[in-house]
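*Asks:* Next up is a structure, given as structure tokens.
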Amino acid sequence: MTKPRLERGSRLVLATHNAGKLAEFKALMAPFGITVLSAGELGLPEPEETATSFAGNAAIKAQAAAKAANLPALADDSGLCVSALGGAPGIYSARWAGPDKDFPAAMKRIEEGIGADERTAWFTCVLCLAFPDGTTHSFEGRVEGEIVWPPRGTGGHGYDPIFQPAGETRSFAEMSDAEKNAISHRARAFEAFRTTCLA
Numbered sequence: 000m001t002k003p004r005l006e007r008g009s010r011l012v013l014a015t016h017n018a019g020k021l022a023e024f025k026a027l028m029a030p031f032g033i034t035v036l037s038a039g040e041l042g043l044p045e046p047e048e049t050a051t052s053f054a055g056n057a058a059i060k061a062q063a064a065a066k067a068a069n070l071p072a073l074a075d076d077s078g079l080c081v082s083a084l085g086g087a088p089g090i091y092s093a094r095w096a097g098p099d100k101d102f103p104a105a106m107k108r109i110e111e112g113i114g115a116d117e118r119t120a121w122f123t124c125v126l127c128l129a130f131p132d133g134t135t136h137s138f139e140g141r142v143e144g145e146i147v148w149p150p151r152g153t154g155g156h157g158y159d160p161i162f163q164p165a166g167e168t169r170s171f172a173e174m175s176d177a178e179k180n181a182i183s184h185r186a187r188a189f190e191a192f193r194t195t196c197l198a
């Protein structure tokens, strides 16, 4: 099968309405000469995420954006998985924060649901690149760590203040963007995507 390639000068739709995620991907793509537009900027609706896996939900979002914009589209689906909660919140990580994106409440819910002994957790990210013809390619990244309490740091977003990656003494939210981006689940998924798809 031919490798999917995005040439320098290409336009790519990022299937998100999240300004922080858009900024992160613009920075990641800049060295490769790729112009990144967001689904939000283009006024594209957010499709319902009905799959039962990160890969399935990423594909739903990427395919919808690629078809609507008639451009290659990249979507990610990511979340925090907590061992003591059977892998939850997982694909429901954003939904645990509710319509108001109340992540402090979601983090408290995690802390109240786990014991003192089993604090193992991991972040997973699946990136899906879709083309207007319906072709998709998926790339997964994962970073192991543990839940810390109380939340620490003011950087990052989502569950970053309670996640301490393995081998670190700081939470993701206590790191600079550059430090986090070097080791994050999204960085690892992006590296797999980069080596396959970027010239």
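The numbering of the sequence shown is numbering that gives the first Met the number 0, which starts it at 0 and goes up by one. Every residue, glycine too, gets a C-beta built ideally from N, C-alpha and C. Bear in mind that the values here come from a model prediction, so they are computed numbers and not experimental data.
1. Report the option in A177, A64, S52 and A54 whose CA atom is closest to the CA atom of V35.
2. If you scan the stretch 13-54 from start to end, which runs of the beta strand (DSSP E) of 3 or more residues do you find wholly inside it?
3. Exposed or buried, what is A22 when buried is set at 16 or more other beta-carbons lying within 10 Å of its beta-carbon?
4. Please report the residue range of the alpha helix (DSSP H) in which P131 lies.
5. Quick one: Cα of G154 to Cα of A177, how far?
6. Looking at the unbroken alpha helix (DSSP H) that takes in G215, where does it start and where does it end?
7. Between V95 and the rest of its own chain, which residues show a CB-CB distance below 6 Å, the 5 nearest in sequence each way excluded?
8. Put A120 into one of helix, strand or coil per three-state DSSP.
9. Determine whether the beta carbon atoms of R141 and F122 lie at a separation below 8 Å.
10. Taking its Cβ as the centre, do 16 or more other Cβ atoms sit within 10 Å of P71, making it buried, or is it exposed?
11. Is the beta carbon of S137 sitting closer than 8 Å to the one on V147?
12. Spatial neighbours of V81 within its chain, please: CB distance less than 7 Å, with the 5 preceding and 5 following residues excluded, ordered by chain position.
13. Spell out the partners DSSP gives P88 in its beta bridges.
*Replies:* The relevant details are as follows:
1. A64
2. 34-37
3. exposed
4. It is not in any alpha helix (DSSP H) - P131 carries neither H nor E in the DSSP assignment.
5. Looking at the two C-alpha atoms, the distance is approximately 11 Å.
6. Outside the displayed range of the chain (0 to 198) lies residue 215, so it cannot be described from this structure.
7. Checking the sequence shown, residue 95 turns out to be Trp, not Val. For W95, where only same-chain residues beyond five positions count, the Cβ hits under 6 Å are P88 and A105.
8. Correct three-state label for A120: strand.
9. yes
10. buried
11. no
12. Cβ within range, chain order: A87, I109, I113, A120 and I146.
13. C80
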